[in-house]
Every structure is written in structure tokens, then in C-alpha cells.
Amino acid sequence: MNLLTLILATGALFAQTSLHERADVRQALEHIRDNDAVHFARQITIAEIAAPTFHEGERARFLEKEFRRLGLKNVEIDKQGNVLGWRPGQSPKALVIAAHLDISFAVGVNVKVRKDGNRYYGPGLSDDSRGLTALLAIVEALNHARIETRKTLLFVANVGEEGLGDLNGMKYLFQQGPHKDKLDSFISIDGTSPARITNGGTSVKRYRIAITGPGGHSYGNFGRPNAIHAAGRVVNRLSSLEVSRTPKTTFNVGKIEGGTAINAIAESCTMEIDLRSESPAELDRLELKLLAAVREGVAEENTFRAASGKALKVEPKLVGLRPGGETPADSPLVKAAEWASRITGHKPTRGFSSTDANLPISLKIPAVTLGGGGRADNHHSLDEWYEPVEAWKGPQTVLLTILAFDAGL
Ligand SMILES: [Zn+2]
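Counting from 26, one number per residue, gives the positions in the sequence shown under my numbering.
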């Protein structure tokens, strides 16, 4: 390090130390802490409005009202169902701060929150009602402390993060919607820990493999190819594949269904398969191996039963695509998040996950996902729980990240 960089680094460090000590920033941070209980009550209100993926409408209307109440500008629900509200600064391009509306549960799920000791149970109570709550808490705090940012901020409560939603809210916002060219940085609030900075987006591809064939009586037509047997041959090939450990690469046959009766040759079998990798290139290689396993497994069953004169057909269909990549560790947004996390008393760690940040990351737009605060576990299960332990530190950390990034630190 030469003298100039040393001076610059020290200068930046000094500026960073002073940012959170600025009177207005302190006021904003205190506002978040003082209103922790109010925020948690709102989190429960949000969680109790059911919002399964593709059915986010009612919760979106609640957030739309909240955005208006907080004085965000040009509040709208866009064509995809995302709720948008602006807090204009001087920059022509905006930093997006988002949390997802949808929950990974089927329509009809009971979303009533129940309490057991200090622990609250509810599907989606943490994921991502906490993120939505933090989003609102941040706008409130900025307003309360009358903080104006240089950067224009776009607050978004988005649809389609979970499962087969396939990031449709983000895809619309960044690739199709009317504001797509005005967005140059992105923070999503998802998960809880303010120590965790997700700067990597795990790439995901999902396949539905449909095998169909002649069927027939299990005894009378024995010798014909069986769709379930073929699926077994495919799974056998796939399950023993070696995949890269770093970058982490995984596969999973998560669902399989088919056949009609114990005494019928299965005429159909469908498998749903999830492939993930920290490296888009590794994922492409794994995809080729999956497709080869499918071809070979079905061909093997057909060859084995060739004497019957019947054959199975197979159709692999890509049903999910979440592109990914990585926001570099030295990106100003990642630096800002790490600084903020330290200020609120954490030891920040960077990592990969599959979140809304995947989409902007794949477009080379700096993006991270940060925690909303508190403790939680069992996401995506009916036993999902949340404990509001130092929950205010989530919105505080995100707020400081926004301000540090805005100050160009
Ligand atoms: Zn989530």
C-alpha cells in the first residue's frame, strides 16, 4: 500500500465511522429500534394475509396502502403484480430495495400466527414477511429523520420469488417493465441474519421429465417397457453422478409420480428435478449429464423390452430457470453491506443462495440479499418459526448499507 492509498483508505474509514454517528442517521437508527414492537406487530399482520406464489394480490394491496401511507411517490402495482414506490434523489438511476410478497405454500394454507413462549409460528412469518416489514421500517426511519439520499430509491414488494414463481417479479422489473433501464443496483431483504451478505446467486435449472408408454396388464402384457422402471434407470444413473464440491453443485429428484395400479404396467411417470450450482458453467455441464442420463435410462428400458415391439417416449421440459452469478466482493455495494453489518455488531460473511438478487446479478447489476433481523428456522415448512430477538438490527443494517452505498463509501 503506497502513501496515497493509505491516505485514501484512512479517509474512507474515517468517513464511514462518522456516517452512523451523524445526528440524522442516529435518529433514524433509534427510530427503528424504538418501534421494534410496532414493526413486529405489522409483520404478523402481513404474514396473516395469505400470498402463495401466483396469488399475491391481497398482500400486494396491503403493501400498496402502506407505501402510500409512507409517502412514497408514484406508488403502483405493475403488470406483473409487484408493488412499486419511489423515494426520489438526484440520481437518474435507482437503487432497488425489495422484499418478496409470495410464500412457498399452496393456496388454502392456514397462515394464522400462533405463539409458543418467545417463538412465533406461521408459514411465511419469516420468509418474507420479515423482509417486507424491514422495508417499511426503513422508509419510516428515513422519513422520520428527514434523510434525503443522493441516490433515487425504488422500494419494491415483489411477486414470484418462491418455487415455480421462478423470479417472475424480478424478471419483469429488470427485463421487461417500463423502469428496467433506470435500475442500477439492488438489495433484497430476505432471511434474517444481519451478518449474512448473500452476494452470490446460485444458478438453478429445474426439469420435469415425462416418460410415457404403452401400459398394459402386469401379467398379461409382461415384457412391455414400463415408465416407472425406466425412471428407476434414470434415477440410478443420476444419483451416482459426481459433481463439483467447489463451486458447490447439486442435484435432486424431488418429486416422482406415475402409474395407475399395482397390477398395471406403468404407462406414465413424471419426475421433477432441481439442479443448482454456484457456477453457471458447472450448471450447464450438469444439465447435459442429466439429459444424457434421461436418454440412456429410457433407451436401456426400451432395448431391454424391445421384443414387445413397444417403446417408451420421453420429454424433458425445462420448468424453472434462475440465472445467477456473483457480485464481486470488492463491489461498493458489498463493501457497504459489510461495513454496516460490523457497525450493528456482527461479523459479516459472504455467501451464495438463490434469491431475488440472482436476476440482477445475472445482468451484472450489483446486487446483494441481506437479512431482515431476528431469528428463524424451518422456512418453507409448516413449522416455520420466528423469534423477534434484536430484530431491529436487520432494518438498521440495511439502512446503513443504503446510506453507506449512497455516500459512495
Ligand atoms: Zn424468501
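Quick reminder that beta carbons are idealized off the backbone N, C-alpha and C, glycines included. A quick note: this is a predicted structure, and the numbers were derived from the prediction, not measured.
Contact between Ile386 and Gly349 holds, since their C-beta atoms are separated by about 6 Å, short of 8 Å. When the Cα atoms are used, Trp111 and Ala159 turn out to be separated by approximately 16 Å. Counted as a single uninterrupted DSSP element, the alpha helix (DSSP H) harbouring His169 occupies residues 154 to 169. CA-to-CA, the gap between Gly334 and Arg249 works out to about 8 Å. DSSP places Lys230 in the strand class (E or B) of the three-state scheme. Beta-bridge partners assigned by DSSP to Met296: Ile234, Ile281. Membership of Arg320 in the alpha helix (DSSP H) is indicated by the continuous run 305 to 329.
Glu186 has its Cβ nearer than 7 Å to a heavy atom of ligand 1. Separation of Pro117 and Phe199 (C-alpha to C-alpha, rounded to the nearest whole angstrom) is 16 Å. Within the DSSP secondary-structure output, Gly376 pairs in a beta bridge with Thr223.
Annotated three-state conformation of His404 is coil, per DSSP.
The closest heavy atom of ligand 1 lies less than 7 Å from the beta carbon of Asp153.
Residue environment: Asp206 is assigned as exposed (fewer than 16 neighbouring CB atoms within 10 Å of its CB, all protein chains considered). For Asp215, the distance from the CB to the nearest heavy atom of ligand 1 is below 7 Å. Less than 8 Å divides the Cβ of Thr394 from the Cβ of Gly216. The beta carbon of Ala235 is closer than 6 Å to those of Thr295, Glu340 in its chain, skipping five residues each way along the sequence.
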